[in-house]
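In my numbering, the protein residues as written are 61 to 643.
For reference, the structure discussed in these notes is given below.
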RNA sequence: CGGGGCGUGGCGCAGCCUGGCUAGCGCGCUUGACUGGGGGUCAAGAGGUCGCAGGUUCAAAUCCUGUCGCCCCGACCA
């Protein structure tokens with residue numbers, strides 16, 4: 061491609077509405093343009109990279125026998141009502157009405173649609189397993205789109221869905237997918253580590269996320285320093301968290317259970333400062349309400365003062381809950397800011413106690429009255445199981461610095477971008493939609509599903525977050541919009557002829573090449589070439605030509621080198637092939 | 001949804017508090033000349049209903065009200 065014939069609107073200035081480096085560079089290099097919050101145009105350079113990512117994904121999906129299909133973005137709302145997700149998805153779902161007033165949605169994901177499809181055609185175990193995939197736009201009405209392509213309302217997603225007659229079959233495909241994902245990210249040249257993630261309905265080791273480690277990421281991952289454990293913070297389990305029940309609460313005779321005045325000290329920190337104690341000596345008591353049923357008995361969660369409630373874990377135990385509305389909770393008798401676990405003795409709640417919190421004795425916690433805390437609290441002494449119901453004891457906290465893995469190795473924390481997710485779904489959708497198959501004995505069973513997503517746009521974000529310098533993007537060869545850029549010092553005379561000749565030869569050799577034929581000063585061309593990050597740059601200049609030489613510079617390297625004009629195209633084509641192969 | 005901030009040529013901003021000449025600056029763009037290995041210089045230009053609507057005023061980019069849009073923090077996020 062000739063630079064003058066395409067659209068590469070580079071800018072020197074950082075766009076005002078961007079925060080993270082990948083967003084800034086994608087706009088400055090002319091890859092994308094925002095048209096509305098979380099909605100972007102893909103310009104030629106960005107689109108070319110995205111198509112390369114998609115081609116890599118396709119290759120690896122096809123290699124494990126998945127079949128590509130295309131499904132509509134516009135879906136009937138009824139289908140989503142049948143699985144309950146019309147309401148579960150809530151305001152995240154884009155809803156539209158057609159002229160007949162029928163409700164439609166813009167698909168945020170396609171489990172319903174693909175299951176409906178498979179239900180229609182698959183009736184026998186002989187037709188299974190089957191894996192279908194799509195790469196297409198998905199829509200989510202995010203509360204807060206942000207960070208360029210990291211969180212958007214319309215985005216591309218590769219989603220694969222597999223259907224199985226047995227768990228063994230599902231596991232086989234899951235493992236194939238897992239390996240395909242490793243290969244996809246490697247071939248794209250973007251770092252990705254597999255971590256254990258929310259496991260869903262089947263439990264166990266049945267869900268992994270692939271995370272690109274970088275500070276711009278929104279996910280927190282937990283890794284054991286010895287490399288034996290890797291999990292999303294949502295899921296990470298502290299090694300010490302054994303199976304405990306309320307009966308395990310230490311029955312130490314408590315010191316006098318006293319009430320102390322703590323005016324305006326509603327946080328763990330402020331109470332600690334006031335009473336000169338440490339957070340480890342406190343019990344934090346959080347009030348949650350049932351999602352969609354704010355009048356149902358609340359859930360009260362207790363963790364040690366230095367710990368945080370992990371809402372994912374809590375939800376797995378008690379169902380969908382959210383932090384209670386403060387005013388509503390106060391009207392029910394909760395002294396928000398001064399709640400203690402023993403509130404369960406007087407108000408009907410579901411009490412959930414973290415295993416670590418349970419073991420604290422002589423704790424300080426809220427007195428269930430404004431401006432008051434109590435000291436020398438212990439669960440065994442102060443919770444009356446008759447009145448408080450049967451308290452649930454479980455791991456409901458986030459792991460924290462200081463925790464160790466099962467192997468005894470310290471846990472470290474880092475941020476990352478979720479690039480992909482493989483997931484054993486089970487029969488949630490096939491049950492709801494009646495997607496059944498007949499086995500050898502003509503007995504019907506719901507098909508067992510797996511689903512496997514990748515965000516191609518996020519692969520670009522991850523590649524840029526982890527591959528850039530002060531001058532711009534440094535693309536990996538396989539997803540670079542062009543593999544070689546030719547930069548003539550001046551696009552005239554011999555130089556233009558030589559540059560054009562090299563350009564034609566490289567094209568003929570199957571290299572994706574960009575020729576900067578603009579009438580611009582060399583400095584402008586160099587700056588732009590660096591900004592858009594093409595892996596190989598060839599400079600054609602008078603001085604070099606008279607010596608029969610060209611200058612070659614790798615974007616990732618600091619120093620250029622000289623190559624002979626004769627055979628330059630072949631040499632470059634070889635280099636490109638070599639760099640494509642590096643995984 | 002809560003908190004904070006911003007809407008002024010394509011981009012980045014000043015002007016607003018304290019209303020008043022023709023609304024400025026940098027980048028980019030056009031034309032010409034010089035220049036030609038890291039966003040060059042000079043000259044001459046084009047380009048803006050100051051987000052939108054209403055109000056106050058002799059007079060509104062500036063003050064008031066409403067509204068729309070966007071960004072950041074939080075909440076939320078298969």
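Beta carbons: idealized from backbone N, C-alpha and C, even for Gly.
Fair warning: this is a prediction, and the values are worked out from it, not measured in the lab.
- With respect to residue 448, residue 389 sits apart: the two C-beta atoms are not nearer than 8 Å.
- Looking from the CA of residue 397, the closest CA among 66, 346 and 473 belongs to 346.
- For residue 273, DSSP records a beta bridge to 476.
- Between the stretch 501-517 and the stretch 569-584 there are fewer than three C-beta pairs closer than 8 Å, too few to call the two in contact.
- Residue 501 sits exposed, since fewer than 16 C-beta atoms from the chains shown fall within 10 Å of its C-beta.
- When rounded, the separation of the alpha-carbon atoms in residue 196 and residue 216 is 5 Å.
- By the 16-neighbour rule on beta-carbons within 10 angstroms, residue 172 is buried.
- By the neighbour-count definition (other C-beta atoms within 10 Å, threshold 16), residue 465 is a buried residue.
- Under the 8 Å Cβ criterion, the stretch 362-375 does not count as touching the stretch 472-481, having fewer than three qualifying pairs.
- Between residue 558 and residue 599, the C-beta spacing is not below 8 Å.
- The beta-carbon distance between residue 211 and residue 201, rounded to whole angstroms, is 12 Å. This is too long to meet the 8 Å contact definition.
- As far as DSSP is concerned, residue 515 takes part in no beta bridge.
- Per DSSP, the continuous beta strand (DSSP E) segment holding residue 217 begins and ends at 214-224.
- The beta-bridge partner set that DSSP reports for residue 342 consists of 424.
- For residue 120, the enclosing alpha helix (DSSP H) covers residues 104-123.
- CA-CA distance, residue 407 to residue 155, rounds to 40 Å.
- The C-beta separation of residue 596 from residue 610 comes to about 11 Å, leaving the pair out of contact by the 8 Å criterion.
- Look at the beta carbons and you see the stretch 372-382 not touching the stretch 427-435: under three pairs across the two are nearer than 8 Å.
- Proximity of the stretch 221-240 to the stretch 173-189 meets the contact definition, three or more beta-carbon pairs being nearer than 8 Å.
- The three-state secondary structure of residue 481, taken from DSSP, is strand.
- Remark: C-beta atoms of residue 277 and residue 476 approach each other more closely than 8 Å.
- Straight-line spacing of the CA atoms in residue 330 and residue 119 works out to 57 Å.
- Around the beta carbon of residue 83, 16 or more other beta carbons sit within 10 angstroms, so the residue counts as buried.
- The three-state reading of DSSP puts residue 402 in helix, counting H, G and I together.
- Pairing residue 520 with residue 109 gives a Cβ-Cβ distance under 8 Å.
- Burial of residue 538 is indicated by the presence of at least 16 other C-beta atoms within 10 angstroms of its C-beta.
- In this structure, DSSP gives residue 575 an extended state, which the three-state scheme calls strand.
- Secondary structure at residue 580: coil, using DSSP grouped into helix, strand and coil.
- Between residue 75 and residue 189, the alpha-carbon positions lie close to 49 Å from each other.
- Between the C-alpha atoms of residue 603 and residue 556 there is a straight-line separation of about 13 Å.
- Listed in chain order, the beta strand (DSSP E) elements of length 3 or more contained wholly in the stretch 428-471 are 432-437 and 452-454.
- Taken atom to atom, the span from the alpha-carbon of residue 77 to that of residue 96 is near 12 Å.
- Contact annotation: the stretch 331-339 does not touch the stretch 308-317, with fewer than three C-beta pairs closer than 8 Å.
- Taken through DSSP and simplified to helix, strand or coil, residue 298 comes out as coil.
- Straight across, the Cα-Cα distance linking residue 341 with residue 437 is about 10 Å.
- A distance of 8 Å or more separates the beta carbons of residue 566 and residue 641.
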